[in-house]
Amino acid sequence: MNYTFDFKAVIDSWDYLLQGAWLTVQLSIGAMVLGLIVAILCALGKTSGPKPVRWIINAYIEVVRNTPFLVQIFLIFFGLPTMGIRLSPDLAALIAMVVNVGAYATEIIRAGIESIQKGQIEAGLALGLRPLQVFRYIVIKPALRTVYPALTSQFILLMLSSSVVSAISADELTSVANNIQSQTFRSFEIYIVVTGIYLVLAMMFSALFAGIYKLAFAYDTDRR
Amino acid sequence: MIRAFSYNEFLFLLSAVQWTLALSAIAFVGGATVGLVIALARTSDIKAVRLAATGYIQLFQGTPLLMQLFLVFFGATVMGLDLNPWAAAALGLTLNASAFLGEIWRGCIQAVPRGQWEAASALGLRYPGLMRYVILPQAVKVAVPPTVGFLVQLIKSTSLAAIIGFTELTRAGQIVNNATFQPFLVFGIVAVLYFLMCWPLSLLSARLERRYALATR
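Here it is as structure tokens:
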């Protein structure tokens with residue numbers, strides 16, 4: 000092995016890399032927020048909608064979960080323009096991520112809704128609470144507590160899989176790395192550093208989410 | 000030169016399925032072998048071994064698979080090896096799968112009640128026998144549904160090998176699309192082919208999980 004490492008190319012384009020990392024974070028947070036809205040609507044539709052609605056939502060979930068993210072991106076980025084809808088790579092990336100995470104989050108949220116025991120709701124109603132109050136005081140917090148860990152790990156998976164959108168040259172971290180790589184040829188050094196950045200981002204977010212969990216949900220429940 | 004999408008293009012896509020399946024199979028066998036070691040290391044009594052396995056899992060679960068593939072691909076060149084995309088994809092996916100399977104199986108090993116460990120060691124079984132005759136046979140039953148579920152994940156992951164230039168189903172789709180310029184049709188067919196591979200496994204996994212949930216209720 001007679002290879003000399005040279006990180007000069009990486010150091011020279013440091014702020015470009017940070018820009019890419021920032022877009023990765025923005026894309027991930029944006030996609031997660033929009034994906035959650037999609038997921039809440041779909042979860043409600045799936046638990047209490049009419050049959051055809053349920054059927055469509057189920058089909059959406061199964062299709063997204065059983066096909067690769069990369070193919071979904073290609074369908075959106077290359078497919079939609081043939082129907083006359085032109086998208087920038089960044090917007091196509093965002094849409095693909097929302098469609099993808101929406102399907103996974105639907106199942107998580109549905110599980111959260113179903114985890115609330117019927118008796119709790121009935122008890123609330125029997126005590127004279129109105130449905131909205133039941134939701135506010137009885138349902139929402141334990142439901143959030145149940146789905147929180149799954150949703151946060153889904154966010155981190157989403158952030159890591161967003162590297163795939165570099166295949167359509169959105170300007171996120173991996174694309175930035177590809178650009179620097181093709182100009183300087185220091186592929187290995189750049190990908191090591193970028194992998195490190197992803198690792199740091201993932202660890203930062205897990206620590207942040209764990210902190211929020213402690214603040215918001217650290218009370219004892221005995222539901223066993 | 001744009002050509003029409005014909006039966007030949009469809010056959011080309013269909014034949015690329017075998018490469019997706021072959022890559023998935025290799026990554027699964029490799030990932031299962033290394034993953035078992037990782038799972039055993041994660042449940043080991045020796046702290047250093049446990050920490051090393053935890054670090055391995057964190058590293059592979061905390062970074063994108065695409066980066067791992069790039070690093071294997073370019074890293075081999077750095078070390079003076081000339082890895083073709085096929086070997087790089089197989090190696091990268093194996094490492095990645097082993098971290099995920101290791102973590103899934105750790106949970107399954109730990110799901111075996113502690114009393115079983117104690118009983119086995121009270122009977123005089125040492126670690127290899129204890130694992131082989133008492134713990135693993137019970138853990139395997141718990142492990143089957145999530146492992147089948149992970150296979151779906153793995154088949155989908157092989158699509159990333161397209162980015163480092165290995166011609167499996169997704170790459171075949173790109174090639175056909177470049178020639179015919181019918182993205183909806185081409186990637187639609189590609190998506191359907193993936194779906195046909197993954198959906199039965201998803202259903203099987205869900206069914207096994209329900210059966211297991213009934214059995215332990």
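Chains as they are written, first to last, in numbering that gives the first Met the number 0: chain A, 0 to 223; chain B, 0 to 216. Glycine included, every Cβ here is placed at the ideal spot set by N, Cα and C.
Name the chain B residues whose beta carbon is nearer than 9 Å to that of A:Met203? Start at 1 with the first residue of the first sequence, and residue 203 of chain A comes out as number 204. A:Met203 does not reach chain B, its nearest Cβ partner there being about 10 Å away, counting only Cβ pairs nearer than 9 Å.
Where does B:Val111 fall in DSSP's three states? Along the second sequence, one-based indexing puts residue 111 of chain B at 112. Three-state result, B:Val111: coil.
My guess is that B:Leu159 and B:Leu68 are in contact by the Cβ rule of under 8 Å, so how many angstroms apart are they, rounded? Translated into the one-based positions of the second sequence, residue 159 of chain B becomes position 160. Translated into the one-based positions of the second sequence, residue 68 of chain B becomes position 69. Contact annotation, B:Leu159 with B:Leu68: C-beta distance approximately 6 Å; criterion of less than 8 Å satisfied.
So what does DSSP say about B:Ala161, is it helix, strand or coil? Here residue 161 of chain B is taken as the residue at index 162 of the second sequence, counted from 1. B:Ala161 sits in a helix when the DSSP states are folded into three classes.
For the segment 111 to 124 of chain B and the segment 199 to 215 of chain A, state whether three or more C-beta atom pairs, one from each stretch, are separated by less than 8 Å. Inter-segment contact for the segment 111 to 124 of chain B and the segment 199 to 215 of chain A is absent: fewer than three beta-carbon pairs are separated by less than 8 Å.
Closer than 9 Å by beta-carbon distance: list the chain B residues that pair up with A:Ser114, in chain order. Counting from one through the first sequence, the residue named residue 114 of chain A turns up at place 115. Annotation: A:Ser114 has no Cβ neighbours in chain B at a cutoff of 9 Å; minimum Cβ distance is about 15 Å.
Three-way DSSP call (helix, strand, coil) for B:Gly101 in this model: Counting from one through the second sequence, the residue named residue 101 of chain B turns up at place 102. Three-state result, B:Gly101: helix.
A:Asp11, DSSP secondary structure in three states: Here residue 11 of chain A is taken as the residue at index 12 of the first sequence, counted from 1. In the structure shown, A:Asp11 sits in a helix (DSSP, three-state: H, G or I).
8 Å Cβ cut-off: residues of chain B touching A:Leu159: In the first sequence, counting from the first residue as 1, residue 159 of chain A sits at position 160. The contacting residues are Gly61, Thr62, Pro63 and Leu64.
Same chain only: Cβ atoms within 8 Å of B:Lys81, ignoring 5 sequence neighbours per side: On the second sequence, position 82 is the one that residue 81 of chain B refers to. According to the sequence shown, residue 81 of chain B is Asp rather than Lys. Contacts found: Ala75.
In whole angstroms, what separates the C-alpha of B:Ala212 from that of A:Gly123? Residue 212 of chain B sits at position 213 when you count from the first residue of the second sequence. Residue 123 of chain A sits at position 124 when you count from the first residue of the first sequence. Approximately 30 Å, taken between the alpha carbons.
What number of angstroms, rounded off, separates the C-alpha of B:Leu35 from the C-alpha of A:Ile196? As a position in the second sequence, residue 35 of chain B is number 36, starting the count at 1. As a position in the first sequence, residue 196 of chain A is number 197, starting the count at 1. Their Cα atoms are separated by approximately 29 Å.
Could you give the first and the last residue of the continuous alpha helix (DSSP H) run that contains A:Arg53? Within the first sequence, the letter at position 54 stands for residue 53 of chain A. Lys50 to Arg64 is the span of the alpha helix (DSSP H), which, as asked, contains A:Arg53.
List the residues of chain A whose Cβ lies closer than 8 Å to the Cβ of B:Gly187, in chain order. On the second sequence, residue 187 of chain B is found 188 positions in, with the first residue counted as 1. Contact of B:Gly187 with chain A by beta-carbon distance below 8 Å involves Leu74 and Gly78.
What residues in its chain sit with their C-beta under 8 Å from that of A:Ile72, if we drop five residues either side in the sequence? Within the first sequence, numbered from 1, the residue matching residue 72 of chain A stands at position 73. The residues Ala91, Ala92, Ala95, Val163, Val164, Ala166 and Ile167, in chain order, have a CB closer than 8 Å to that of A:Ile72 in the same chain once the five nearest residues on each side in sequence are set aside.
C-alpha distance - B:Leu207 paired with B:Tyr6, whole-angstrom precision: Here residue 207 of chain B corresponds to residue number 208 of the second sequence, with the count starting at 1. Here residue 6 of chain B corresponds to residue number 7 of the second sequence, with the count starting at 1. If you take the alpha carbons of B:Leu207 and B:Tyr6, they lie about 38 Å apart.
So that I know if they touch, is there some Cβ in chain A lying closer than 8 Å to that of B:Ser235? No answer is possible for residue 235 of chain B: it lies beyond the span of chain B, which begins at 0 and ends at 216.
So if I threshold CB-CB distances at 9 Å, which residues from the segment 154 to 167 of chain B count as touching chain A? For the segment 154 to 167 of chain B, which is checked against every Cβ of chain A, the residues closer than 9 Å are Ile154, Lys155, Ser156, Thr157, Ser158, Leu159, Ala161 and Ile162.
Host alpha helix (DSSP H) of A:Glu106 (start-end): To locate residue 106 of chain A, count along the first sequence from 1; it is residue 107. For A:Glu106, the enclosing alpha helix (DSSP H) covers residues Pro88 to Glu113.
A:Lys7 versus A:Tyr15: straight-line alpha-carbon distance, rounded: The residue labelled residue 7 of chain A in the question sits at position 8 within the first sequence. The residue labelled residue 15 of chain A in the question sits at position 16 within the first sequence. Roughly 14 Å separates the two Cα atoms.
Going by C-alpha to C-alpha distance, which of B:Thr53, B:Gly29 and B:Leu100 sits closest to B:Pro144? On the second sequence, position 145 is the one that residue 144 of chain B refers to. Answer by Cα proximity: B:Leu100.
Can you pull the chain B residues whose beta carbon is under 7 Å from the beta carbon of A:Pro88, in chain order? By 1-based counting over the first sequence, the position of residue 88 of chain A is 89. Neighbours of A:Pro88 in chain B, taken as residues whose beta carbon is under 7 Å from its own, are absent, since the nearest beta carbon is some 15 Å off.
A:Gly78 (DSSP reduced to helix, strand or coil): Position 79 of the first sequence holds residue 78 of chain A. Look at A:Gly78 here: in three-state DSSP terms it is helix.
Considering only the beta carbon of each residue, do A:Val62 and B:Phe194 sit closer than 8 Å? Working through the first sequence from its first residue, we reach residue 62 of chain A at position 63. Working through the second sequence from its first residue, we reach residue 194 of chain B at position 195. Judged by beta-carbon spacing, B:Phe194 lies within the 8 Å limit of A:Val62, meaning their Cβ atoms are closer than that value.
Mind listing which residues of the segment 182 to 194 of chain A have their C-beta closer than 7 Å to chain B's C-betas, in chain order? The residues in question are Ser186, Phe187, Tyr190, Ile191, Val193 and Thr194.
Let me know the secondary structure DSSP gives A:Tyr147 once reduced to three states. Taking the first residue of the first sequence as 1, we reach residue 147 of chain A at position 148. The answer is helix: DSSP assigns A:Tyr147 an H, G or I state.
Using a cut-off of 8 Å between C-beta atoms, extract the partners of B:Cys107 located in chain A. Against the second sequence, residue 107 of chain B aligns to sequence position 108. When 8 Å is used as the limit between beta carbons, B:Cys107 is near no residue of chain A, the shortest such separation being about 18 Å.
Same chain, Cβ closer than 8 Å to A:Pro130, neighbours up to 5 away in sequence not counted: By 1-based counting over the first sequence, the position of residue 130 of chain A is 131. Excluding sequence neighbours, A:Pro130 sits near Leu124.
Coarse secondary structure for A:Gln116, derived from DSSP in three states: Within the first sequence, the letter at position 117 stands for residue 116 of chain A. Reduced to three states, the DSSP call for A:Gln116 is coil.
Name, please, each residue of chain A whose Cβ falls closer than 8 Å to the Cβ of B:Trp198. For the purposes of this step, residue 198 of chain B is taken as residue 199 along the second sequence, with counting starting at 1. Near B:Trp198 (Cβ distances below 8 Å), the residues of chain A are Glu61 and Asn65.
Taking 8 Å as the threshold (beta carbon to beta carbon), is A:Ala95 in contact with chain B? For this step, residue 95 of chain A is matched to residue 96 along the first sequence. Judged by the 8 Å Cβ criterion, A:Ala95 is not in contact with chain B.
Could you tell me which of A:Leu40, A:Gly29 and A:Phe154 sits nearest to A:Met202, measuring between CA atoms? To locate residue 202 of chain A, count along the first sequence from 1; it is residue 203. Minimum Cα distance to A:Met202 is reached at A:Phe154.
Considering only their Cβ atoms, is the gap separating A:Arg135 from A:Asp5 smaller than 8 Å? As a working note, residue 5 of chain A is residue 6 in the first sequence. As a working note, residue 135 of chain A is residue 136 in the first sequence. Taking a C-beta distance under 8 Å as the contact criterion, A:Asp5 and A:Arg135 do not qualify as a contact pair.
What's the C-alpha gap between A:Ala169 and B:Leu202? Translated into positions along the first sequence, residue 169 of chain A becomes position 170. Translated into positions along the second sequence, residue 202 of chain B becomes position 203. Cα to Cα, the separation comes out at about 34 Å.
Does the segment 103 to 115 of chain A touch the segment 39 to 46 of chain A, meaning 3 or more C-beta pairs lie closer than 8 Å? Contact between the segment 39 to 46 of chain A and the segment 103 to 115 of chain A is present: 3 or more CB-CB pairs across the two stretches fall below 8 Å.
Cross-chain neighbours of B:Asn95 in chain A, by beta carbon under 8 Å: Reading the second sequence from its first residue, position 96 is the one you call residue 95 of chain B. Chain A residues near B:Asn95: none, gap ~11 Å exceeds 8 Å.
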